[in-house]
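Notes follow once the structure below has been shown.
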């Protein structure tokens, strides 16, 4: 697994993508049965009962042993090995965490540009006068990054770990395995996060590349058109970041609902009795995610070339039944001060 041989990357990739999950689980089960026999449970009935009662602790011990072996191998040190800083890179959870980290940082950067750049702020204020109702409605959707971060940490507990200072433990392996199962059953939410990450990066890059256009004094028709286009493009920056934040909120809600339904038997503190999803039906949340992905695609595709079409798509989005259900739930939580 950790060797420098040409085949090692393929093995690591297969493990990270879950291809070898069944084989590994079978191996651990055999180790668990073997441990039961060593404990003196030689009678068939005793063995069966002991396996039923004590299988999970033995699996944990066996898993710890295997993880320890990987630590020893990856450290390359005999005697006193260095603890490895390994963390999954290609798993569903790892990809979702990367997308979420990128999105939250991009939202903060766009907010910073709006507040610190007077030219962009003037564009935003001008747009709020032209599209007062839409801007107001979108502002009500906004979920601040602090609240989103708290949701992210509840959904993905391993995201709070420092990649440099914190050791990746066996408990983290099991936690991430559970979230991988959830994401495979809620792939639409992961796709939405990926879409938001890509669009937020593109939008921030476009603003940075073009905001100097706002400072020039147009001397010809081409310059006037460029300034007007960039003014409108920057003017909807607040509306755009409001939409990004709400889209992340919807994606996280879906992940929590899928977690509730998929891991109901092993319900954890992540979703157990959570008022945010207590009365949300999975089909409604799935529809909200699908509608959000479609609107995000249309909105971002025409944001620079046909702003009227983008704003029309947003107006239609706000009228969707599934979206209204999520908005009502969000209002309820805010009114009762539930984070």
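In the working numbering, the protein residues as written are 708 to 1046.
We put the CB at the ideal spot given by N, CA and C, even for glycine.
What is the residue span of the alpha helix (DSSP H) that residue i lies within?
i, result
"residue 1020", "1014-1025"
"residue 1048", "With the chain covering only 708 through 1046, there is no way to say anything about residue 1048."
Residue i by DSSP, collapsed to three states: which one?
i, result
"residue 873", "coil"
"residue 826", "helix"
"residue 1011", "coil"
"residue 924", "coil"
"residue 838", "coil"
"residue 974", "Note that residue 974 has pLDDT 47, beneath the 50 cutoff, so the model's placement of it is unreliable and no number is given."
"residue 997", "helix"
"residue 796", "coil"
"residue 987", "coil"
To the nearest angstrom, how far is the alpha carbon of residue i from that of residue j?
i, j, result
"residue 915", "residue 850", "24 Å"
"residue 842", "residue 808", "26 Å"
"residue 990", "residue 881", "28 Å"
"residue 857", "residue 929", "46 Å"
"residue 950", "residue 816", "15 Å"
"residue 988", "residue 839", "33 Å"
"residue 844", "residue 967", "30 Å"
"residue 901", "residue 799", "11 Å"
"residue 801", "residue 1027", "32 Å"
"residue 1034", "residue 958", "13 Å"
"residue 825", "residue 873", "41 Å"
"residue 1021", "residue 875", "42 Å"
"residue 828", "residue 1015", "21 Å"
"residue 1039", "residue 948", "22 Å"
"residue 794", "residue 1003", "31 Å"
"residue 896", "residue 960", "9 Å"
"residue 820", "residue 995", "30 Å"
"residue 890", "residue 962", "7 Å"
"residue 884", "residue 1023", "38 Å"
"residue 993", "residue 931", "44 Å"
"residue 1029", "residue 917", "36 Å"
"residue 906", "residue 1009", "12 Å"
"residue 861", "residue 933", "44 Å"
"residue 834", "residue 940", "10 Å"
"residue 877", "residue 869", "16 Å"
Practice item. Note down, one range per segment and in chain order, each beta strand (DSSP E) of at least 3 residues found wholly within the segment 847-913. Key: Within the segment 847-913, no complete beta strand (DSSP E) run reaches 3 residues.
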